[in-house]
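In this note's numbering, the protein residues as written are 424 to 713. Beta carbons: idealized from backbone N, C-alpha and C, even for Gly. Take a look at the structure set out below.
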Amino acid sequence: MKGLLRLRDLSTEKIQEIIDYAEKLKGGYKVSYPDKRFATLFFENSTRTHYSFMSALMNLGIQVLDCNVSASSVQKGETLYDTVRTFESIGVDGVIIRHSKDGYYKELEGIKIPIFNAGDGASDHPTQSLLDLMTIYEEYGRFEGLKCCIVGDISHSRVAHTNIEIMERLGMKVYISGPEEFNDNSALFIPFDEAIKTMDIIMLLRVQFERHQEKMEMSVSEYHEKYGLTLERMNQMKDNAIIMHPAPINRGVEIASECAEAEKSRIYKQMTNGVYVRMAIISMELEGKL
Ligand code: NCD
């Protein structure tokens with residue numbers, strides 16, 4: 424299948440190539456594909472990923488069909504395959520898909536146009552990881568030896584799962600922290616207050632209530648007290664350590680409002696970089712270089 428479904432299918436060299444190309448695009452390098460047309464299909468809520476992909480497509484001069492899933496024939500029972508097959512048949516050159524089902528793209532065997540995964544269930548979120556890596560690389564100029572702790576709702580997070588695999592492959596030391604109920608052993612567990620003092624990167628996650636089968640045991644104020652990034656905790660971070668978060672952020676839960684806006688925060692830079700990594704992968708695919 425063409426496009427980008429899982430980051431683990433790309434070599435570390437290819438990932439570095441994407442980051443370097445995204446930097447070049449951020450620096451003002453222009454490419455344009457005015458005869459191309461893409462469709463965005465978001466079966467799950469999204470602000471950043473959805474509109475960042477749309478901005479990336481628009482920056483590349485690509486025409487965008489933004490599919491309103493709730494007003495489409497999906498509501499008449501049409502399958503994902505038939506929906507994508509329709510876009511392919513009407514002349515679309517690529518699709519961006521977010522879906523709550525893990526590995527939804529397995530149903531799309533036979534589709535010939537490139538598919539870019541904007542998040543599938545709790546499995547993968549390749550472009551989020553790429554923008555995280557670009558932001559880390561801008562900060563440190565390397566990956567090898569950097570220590571990153573991902574904190575919070577690990578077990579429901581496609582961001583955590585994609586990042587752990589690639590960060591370890593790039594030579595980073597990855598840890599997880601937060602409530603025991605969200606620990607799925609996908610990396611080494613470290614107590615939060617120890618992580619705060621020793622990590623180069625503290626990556627916070629939202630508590631993904633919509634994915635929970637059972638109600639979280641603690642209240643949000645208790646969560647903030649035990650696992651939230653407060654001003655007091657932020658002041659214990661290493662001098663050049665940074666705060667990251669894929670967002671949406673829940674101020675006062677996993678992060679205090681002041682920390683989101685603090686000098687150490689790279690949260691808004693992550694959003695900016697998201698547009699460039701998405702431009703990079705789409706352009707590389709259209710040039711046969713992905
Ligand atoms: C994340 C997602 O949807 O996986 N957000 C994002 O894409 N920036 C994380 C989340 O929803 O908490």
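Just mark residue i as buried or exposed, buried being the case when its beta carbon has 16 or more other beta carbons within 10 Å.
i, result
"THR585", "buried"
"SER688", "buried"
"PRO457", "exposed"
"ILE513", "exposed"
"ARG629", "buried"
"LEU654", "exposed"
"ARG431", "exposed"
Using alpha carbons as the reference points, say which of the options lies closest to residue i.
i, options, result
"GLU633", "HIS579, MET626, ILE678, ALA664", "HIS579"
"GLY517", "HIS647, GLU686, SER523, ALA541", "ALA541"
"ALA479", "HIS647, ALA445, ILE438, ASP547", "ALA445"
"ASN658", "LYS620, LEU628, GLY675", "LYS620"
"MET557", "SER455, MET590, VAL507, GLY533", "MET590"
"SER706", "MET424, SER434, LYS459", "LYS459"
"ASN673", "GLU686, GLN631, GLY711", "GLN631"
Since residue i contacts residue j with CB under 8 Å, what's their CB separation in whole angstroms?
i, j, result
"GLY426", "LEU554", "Not really, about 17 Å apart at Cβ, beyond 8 Å."
"ILE599", "PHE612", "6 Å"
"GLY601", "HIS647", "Going by Cβ atoms, the distance from GLY601 to HIS647 rounds to 12 Å, so no, they are not a contact pair."
"GLU604", "GLU640", "7 Å"
"MET477", "THR463", "6 Å"
Looking at the C-beta of residue i, does it have a partner C-beta in chain B at a distance below 8 Å?
i, result
"CYS490", "The structure shown contains no chain B; it is built from a single protein chain."
Short check: CB of residue i to CB of residue j, under 8 Å?
i, j, result
"LYS692", "ASP623", "no"
"VAL582", "HIS548", "yes"
"GLN551", "PRO671", "no"
"GLY575", "TYR527", "no"
"ARG521", "THR470", "no"
"SER475", "MET667", "no"
"PHE461", "ILE519", "yes"
"TYR699", "LEU488", "no"
"GLY594", "GLU561", "no"
"ILE534", "LEU428", "no"
"VAL454", "LEU483", "yes"
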